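In our numbering, the protein residues as written are 33 to 404.
In structure tokens, the structure reads:
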């Protein structure tokens with residue numbers, strides 16, 4: 033590490049009794065952890081391990097040259113974020129109804145809260161091509177409300193028909209980012225398919241399963257620069273792979289937006305641990321047939337806003353301090369002390385289930401034989 037990086041101090045030359053460290057989030061006294069939600073602590077440890085603490089064989093591999101993150105082109109000291117916990121009925125989505133008409137009232141509510149960014153759940157935009165009438169209208173509404181908007185839907189690949197069910201390999205679970213100027217600034221395609229809903233382990237896929245099992249998968253997190261700073265995107269099941277939080281943070285994302293649409297609660301311990309370990313603010317959206325939409329500021333000690341009631345349609349809003357976060361990210365010791373050369377295990381393919389040949393994996397019951 034260069035000797036002159038900001039905040040560097042030679043502690044070896046400072047008498048121990050006189051050492052005075054700034055109270056950054058990664059140097060807070062242990063006593064403060066007593067105020068944390070205790071069940072969060074084991075999850076922090078687990079997620080830290082998943083972020084790459086196990087050295088691999090061949091750990092002396094030379095590290096590739098560091099990749100510099102481009103300087104921010106535009107930024108503000110804070111951002112006010114709203115999350116709409118809502119849903120659109122599946123029947124309406126399949127019928128191709130104008131979903132933007134259902135999203136617009138939420139934009140109006142977010143504007144009343146003086147929000148800069150409104151985040152919707154996964155799926156609610158419905159089926160679309162890029163561009164088409166629906167996405168054009170979405171852009172017009174974002175511009176009319178002077179609001180940055182993030183929303184998920186089913187992207188149909190160019191040249192494919194809007195048919196139900198779609199043909200395998202012709203669609204993706206995609207999140208769109210629309211600026212307050214009415215432009216599509218970027219997108220994220222879900223990288224991990226959620227399958228096997230009839231299995232107690234959500235694995236393997238059911239025989240002949242379609243849905244996400246036959247969609248086109250994304251290859252990397254979407255990262256978008258908006259007028260307040262950089263946003264990183266991940267979708268629902270992506271969040272169970274901790275690399276999906278870590279990678280956009282390393283590439284410069286300051287606010288991670290985790291878009292969901294599922295029953296039950298989006299796990300607060302994942303949200304908080306992700307904020308702590310990646311040095312980001314985390315925003316999670318869920319549909320109203322679940323709950324747990326939340327806004328969490330770094331370092332993740334608590335949720336700034338949360339929608340805990342199952343089945344409730346609601347809007348939550350909070351202001352995130354970006355100026356302080358940037359000072360943290362500039363000096364964050366976990367960025368400066370990363371050792372990619374010892375994390376090779378993470379980028380190799382492993383089959384840990386092969387450790388249990390004495391056990392039988394889950395299998396779906398055989399189809400019933402028709403009686404004569």
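Glycine is no exception: its CB is placed at the ideal position from the N, C-alpha and C atoms. Remember, it's a predicted structure, so these values are computed and weren't measured experimentally.
- Bridge pairing for residue 188: 203 [DSSP].
- Under DSSP, residue 290 takes part in a beta bridge, and its partners are 266, 316.
- In its chain, beyond the 5 residues on either side, 287, 329, 330, 352 have a beta carbon closer than 6 Å to the beta carbon of residue 313.
- Residue 184 places its beta carbon less than 8 Å from that of residue 267.
- Membership of residue 219 in the beta strand (DSSP E) is indicated by the continuous run 216 to 221.
- Taking all protein chains shown into account, residue 388 has fewer than 16 neighbouring C-beta atoms within 10 Å of its C-beta and is therefore exposed.
- Residue 110 is bridged by DSSP to 353.
- Rounded to the nearest angstrom, the gap between the Cα atoms of residue 300 and residue 327 is 10 Å.
- If you look at residue 151, you'll find it in the beta strand (DSSP E) that goes 149 to 151.
- Setting aside the 5 residues that flank it on each side, residue 319 is surrounded in the same chain by 119, 153, 293, each with a C-beta closer than 6 Å to its C-beta; the list follows chain order.
- The continuous stretches of alpha helix (DSSP H) do not include residue 231, and DSSP gives it neither H nor E.
- Residue 256: member of the beta strand (DSSP E) spanning 255 to 257, first to last residue.
- Three or more Cβ pairs closer than 8 Å define a contact, and the region 254 to 268 falls short of that threshold against the region 230 to 237.
- Rounded to the nearest whole angstrom, the C-alpha separation of residue 381 and residue 342 is 38 Å.
- Segment contact: the region 132 to 141 against the region 369 to 384, fewer than three CB-CB distances shorter than 8 Å; contact not assigned.
- Under the three-state reduction of DSSP output, residue 367 falls in the helix class.
- Here residue 201 has 246, 248 as same chain residues with Cβ atoms under 7 Å from its own Cβ, once five neighbours each way along the sequence are excluded.
- In this structure, residue 180 sits away from residue 104, with a CB-CB distance that is not shorter than 8 Å.
- Residue 328 carries a strand assignment under DSSP once its states are collapsed to helix, strand and coil.
- Look at residue 209 here: in three-state DSSP terms it is strand.
- In the DSSP secondary-structure assignment, residue 117 is bridged to 346.
- Between residue 221 and the set 253, 197, 123, 243, the nearest pair of CA atoms involves 253.
- Contact check for residue 242 and residue 190: beta-carbon distance about 21 Å, past the 8 Å limit, so the pair fails to qualify.
- In this structure, residue 263 places its C-beta atom within 8 Å of the C-beta atom of residue 209.
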